[in-house]
Each structure stands twice: as structure tokens, then as C-alpha cells.
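All remarks here apply to the structure that follows.
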Amino acid sequence: MEQTFESTAGVVYTETVVSAAPQAHAASAPYQLVIVQLESGSRLTGRVVGDRVSIGDRVVLAETRNGTPFFRKADSPPL
Amino acid sequence: MIGIGKTAFGAFADKGIRALAVEAIRNSLSDAGIEGRQIDAFYLGNFAGPSFVGQNHLAPYVGLAAGLERGVPCTRIEDACASSGSAFFHGVQSVAAGQNDLVLVAGVEKMTSQTTPRVAEILAGAGDMSGEGAAGATFPALFAMIARRHMYQYGTSREQLASVAVKNHANGAQNPLAHMRKTISIEQALAGKPISEPLTVFDCSLVSDGAAAVVIAPLDRAREFTSRFARVLAVAQTSDFVALDEKEDITTFDAVRTAGEKAYRGAGLGPGDIDVAELHDCFTIAEIVASEDLGFVAKGDGGPFAAAGCTAIGGTIPINTSGGLKSKGHPVGATGVGQICDIVMQLRGDAGSRQVARHRVGLAQNLGGSGATCVVSILGNP
Chain U
7 MEQTFESTAG
17 VVYTETVVSA
27 APQAHAASAP
37 YQLVIVQLES
47 GSRLTGRVVG
57 DRVSIGDRVV
67 LAETRNGTPF
77 FRKADSPPL
Chain A
69 MIGIGKTAFG
79 AFADKGIRAL
89 AVEAIRNSLS
99 DAGIEGRQID
109 AFYLGNFAGP
119 SFVGQNHLAP
129 YVGLAAGLER
139 GVPCTRIEDA
149 CASSGSAFFH
159 GVQSVAAGQN
169 DLVLVAGVEK
179 MTSQTTPRVA
189 EILAGAGDMS
199 GEGAAGATFP
209 ALFAMIARRH
219 MYQYGTSREQ
229 LASVAVKNHA
239 NGAQNPLAHM
249 RKTISIEQAL
259 AGKPISEPLT
269 VFDCSLVSDG
279 AAAVVIAPLD
289 RAREFTSRFA
299 RVLAVAQTSD
309 FVALDEKEDI
319 TTFDAVRTAG
329 EKAYRGAGLG
339 PGDIDVAELH
349 DCFTIAEIVA
359 SEDLGFVAKG
369 DGGPFAAAGC
379 TAIGGTIPIN
389 TSGGLKSKGH
399 PVGATGVGQI
409 CDIVMQLRGD
419 AGSRQVARHR
429 VGLAQNLGGS
439 GATCVVSILG
449 NP
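Residue numbers (the numbering used here), protein chains in the order written: chain U, 7 to 85; chain A, 69 to 450.
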């Protein structure tokens, strides 16, 4: 199913940078994990690609890998 | 509650899961002055014996080795880190309903035989493995995200988080059964190895082996066994979504608030009546959030409250006089019953240098996952 921009853009609700990763993700540590408040109203847990993000930053969905959404900082200024 | 028993919490390479559980159970039976064959039913809290040590079917495996009679119902209960809190809830319910007379409730976990990344992976199974787990969330990561949001909404500081660890280590250093019996300074806590920002290793509870057990009897029979029994004034268990991103506000645990409200109502008491509490400090932020959700302090003020010493022994509401999960240790499945044992020790006046001055009523709060299960027990003296 094709997802529209509107349904996959949102604002960072919370975030953390994981240093101590579980076995399956150890190779990619450290990595940033986010919960994104989507414009559709729901929240989604995913990872961050590119620049680090903070609470309140606008992000867009960059890609999905094995079901996990990867977000990147939106070019537009924070809300 | 007519008997309590614990093992020390720690890393015990020479003790298997069954030996740990049997040791705690025998201690609780001898504390109650009864024999294993007098027990009518057994509930065992255990989170991940099958993953940690490859052993399933733990309840009869442990129960019969501890001297319970063949034929007695033995049941294992799993509710993540609230497994033995949940076992306690169900044990109390069965006695209150008149189904059983003498009920044994225990909790056990054997964690230290696995590597740290493997432990993190097993623990992550208490979250939603299809969403947050697949994205690489560990439990420290989930609570780190809670901490970040709490800091953002309420101005909670890194130093306030660290003050919880410093206080719990100060208490645990005086507890002969604690895993890490050493004090730490605020500087040490702040400079700890980063685990998941903003949490350092000193914000996280310990990976431990251990077991704890209690014997429950109907109130009208308690005096047949001992004059030092503790009354179960109320015990409440609640649930919520497993995934953190399904909760509207992650700076509060709905399950904790509702379990607290139910338990206070059941006991006819309020937060101001509690003399001593064991709260589920799997992470420093968790103790702060629980102190707010249980009404010991206003929402958002838990950080300054802890930093001001209000939760230390001698403070307004002494929290985790045992050292908590942070210093006493967190053998996941044993934690809930372990907290209850620690409260009973305080009620009896047996807590030694950690004894609080007023000890008529105590509260234990056991949390599963990132708040999907909560058990709140309020205990009092006869």
C-alpha cells in the first residue's frame, strides 16, 4: 500500500540514542530511536537516519526496512 | 501473611534456578513455622526461565523439590517484571475467596548465566516485539524515552534522576541481602557509561539471580501460626497497552495510577497514610514517575522531591529502603514478592539500620514492562 506524505510526516514526541543494543541490533549501535506523533494522530516507533532529532522536531518517513519506519529531519522549520 | 523468605540477590554461578527458589521457599516455611506438606496451593512468578536457563514447567519442578505434597496445584505466572506481584495477587485472591487455606507464593529468576546483549534481548520480549522491539528498543531505551519526555514536560533534570540512584545505593549498602552493597556519589552517577540517553548505567537496575517467597493464610487463622503476621490490607492488579507508543501520555503510567487508586480504596487509606514504600525502580525515572502516580507528590514534582531527600530514610515517605531494584538487584520474576518481603521486614521492625521510625502501613508497587501490568499491595501490622 502506498503511503501518502501526510500520513507519514509528524513531530518527534520523544527520542533516545541507544548505546547498549540488543544482540540483533548490536552492529548498528549507537542509533537514535524515536516515537513520532503523526499528523494522522497516531504514534509510531522508529529509527532516525541522518541528523539527530529532538522533541518537537518535524520529521518525514525516509524509508521502511523490515517493517521498521526510518525517519529523517524535515527540511521545513520546526512547528 | 505468616511467613517470608528470601535468598540474597546477586550473581550466583553455583546456584541453579530450582535451588534458588527452594532456598527462598524453605526460608518462608520455617519463618511461618509450617511444613511444605501443609501448603494447599502454590503460585510461582517467573518471567523468562525458559529463555534464561531453558527450563519450562517451573512451578511443579520447584514446588515438589521444596517439599510440597504431590498433587497440590502448582502454577507459574508470567507478567514480565510484575510476574511475582501478579502471583501474589492471585494467591491472595484464592485465600480471600475461601478456595485455599495456606498458599505459597514465590518468585524466581536466574539471569546472570547469559551475556548482557542476550539479557537485553530477552527482556525486550516484555515489550511489543513487532513494533518497538523490531526497531531496536531495549527496556533502557523505552524508559530513556519516558525520561526525555518527563524532562521536556516538567523540567526534570539529570541530577534529579541521579539522586534516586545515590539514595537507593545508600540504602542497599546497608542491606545484607543486596546485590551491589556500595554507595555512589552524584558525580559517579552522572559520569556513568551511557546506556540509552539520558540514562547511564547508574540509572539502570541490576541483572541478578534470586528468589523470594511468602506464605499466606486466612486472617482468622493467622494467629495459630504467629503473632508477627502482616495483614494484606489491599492488593490491586491492573493492565494497559504493552507498546509504549500506544499510551497517550508516557510521563504517567495509567496502570500504576489505577492500581494505586483501587488499593487505596480497598484499604480505606490514602498516600498520606503510607509509612514506607517499595517502588519499582527498574530505572531511576520509573521511581520518580511511580512516586507521582501513587500520589506521594504532585505530577511532575517527583524529581525535585527525590533530590530534596524526601524519599530517603527519615524523609516524608521513605522509598526503597531495601536499596530497590537499583542496588538490591532485579531478578525479574522475584522482584514483586521480594518487595513484599522487604515491606514486611519494615512492618516487623526487622530492617536494622534501615528501619523507618513509623512502620504501621507499607506499600509495594511492582511494574511489568513499560507499564502494561501493575500490582500495588498495601500491607499493615496486626
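Glycine is no exception: its CB is placed at the ideal position from the N, C-alpha and C atoms.
Going along the chain, which residues of its own chain have a beta-carbon closer than 7 Å to the beta-carbon of residue i, five neighbours each way excluded?
i: A:Ala402; result: Ser152, Gly175, Val176, Glu177, Gly278, Ala279 and Ala280
i: U:Pro36; result: Val23, Val24 and Ser25
i: A:Ile446; result: Leu301, Ala302, Ala331, Ala335, Leu337, Val429 and Leu431
i: A:Val310; result: Gly195, Asp196, Gly437 and Ala440
i: U:Glu8; result: Below a pLDDT of 50, predicted positions are generally treated as unreliable, and U:Glu8, at 46, falls in that range; no measurement from the model is reported.
i: A:Gln407; result: Glu346, Ala432 and Asn434
i: U:Ala68; result: Val55, Phe76, Phe77 and Arg78
i: A:Thr75; result: Leu88, Glu91, Ala92, Gly278 and Ala279
i: A:Leu132; result: Arg138
i: A:Lys83; result: Asp277
i: U:Gly52; result: Val40, Val42, Thr74, Pro75, Phe76 and Phe77
i: A:Ala354; result: Phe211, His348 and Leu435
Is there at least one Cβ from chain A nearer than 7 Å to residue i's Cβ?
i: U:Leu39; result: yes
i: U:Val24; result: yes
i: U:Gly73; result: yes
i: U:Thr14; result: no
i: U:Gln29; result: yes
i: U:Arg53; result: yes
i: U:Ala32; result: yes
i: U:Arg49; result: yes
i: U:Thr10; result: Confidence at U:Thr10 is low in this model, with a pLDDT of 48, below 50, so its placement is unreliable and the value that follows should be read with caution. No, no contact with chain A.
i: U:Arg58; result: no
i: U:Thr70; result: no
i: U:Arg78; result: no
i: U:Val65; result: no
Can you find the residues in the same chain that come closer than 8 Å, C-beta to C-beta, to residue i, ignoring five residues on each side of it along the sequence?
i: U:Phe11; result: With a pLDDT of 45 at U:Phe11, under the threshold of 50, the modelled position of that residue is not reliable, and no figure is offered here.
i: A:Pro266; result: Ala212, Ala215, Arg216, Met219, Arg226 and Leu229
i: U:Thr70; result: Phe76
i: A:Leu287; result: Arg299
Could you check whether the Cβ of residue i sits closer than 7 Å to any Cβ belonging to chain U?
i: A:Ser181; result: no
i: A:Glu200; result: yes
i: A:Arg217; result: yes
i: A:Ser264; result: yes
i: A:Tyr220; result: yes
i: A:Asp313; result: yes
i: A:Arg186; result: yes
i: A:Ala192; result: yes
i: A:Gly368; result: no
i: A:Met248; result: no
i: A:Met213; result: yes
i: A:Gly223; result: no
i: A:Thr206; result: yes
i: A:Glu189; result: yes
i: A:Ala233; result: no
i: A:Ala203; result: yes
i: A:Ala148; result: no
i: A:Ala230; result: no
i: A:Ala259; result: no
i: A:Ala209; result: yes
Rounded to whole angstroms, how far is the Cβ of residue i from the Cβ of residue j, which I believe are closer than 8 Å?
i: A:Ala323; j: A:Thr306; result: 4 Å
i: A:Arg105; j: A:Gly73; result: At roughly 17 Å, the Cβ-Cβ gap does not stay under 8 Å, so A:Arg105 and A:Gly73 are not in contact.
i: A:Cys442; j: A:Ala327; result: 4 Å
i: A:Pro386; j: A:Phe77; result: So it is not a contact: roughly 20 Å between Cβ atoms.
i: A:Ile85; j: A:Leu172; result: About 17 Å separates the two Cβ atoms, so there is no contact after all.
i: A:Asn236; j: A:Gly391; result: 5 Å
i: A:Leu393; j: A:His348; result: 7 Å
i: A:Pro56; j: A:Gly370; result: Within the shown structure, residues of chain A are numbered from 69 to 450, placing residue 56 of chain A beyond reach of any answer.
i: A:Gly404; j: A:Gly113; result: 6 Å
Using C-beta distances below 6 Å, list every residue in its chain close to residue i, excluding the 5 sequence neighbours before and after it, in chain order.
i: A:Asp341; result: Val429
i: A:Ile70; result: Ala100, Val283, Ala285, Ala290, Phe293, Thr294 and Phe297
i: A:Ser264; result: Pro208, Ala209 and Ala212
i: A:Thr352; result: Leu229, Val232, Ala233 and Asp271
Those runs of the beta strand (DSSP E) which lie wholly inside the segment 126-198 of chain A and span at least 3 residues: 142-145 and 171-178
Completely contained alpha helix (DSSP H) runs for the segment 238-326 of chain A, where each covers 4 or more residues: 254-258 and 290-293
Whole alpha helix (DSSP H) elements within the segment 335-398 of chain A, 4-residue minimum: 352-361, 370-375 and 392-395
Ranges of the beta strand (DSSP E) found wholly within the segment 80-117 of chain A, counting only runs of at least 3: 109-113
Residues from the segment 111-127 of chain A in contact with chain U, defined by Cβ distance under 9 Å: none
Near-chain U residues of the segment 313-333 of chain A - C-beta to any C-beta below 8 Å: Asp313, Glu314 and Ile318
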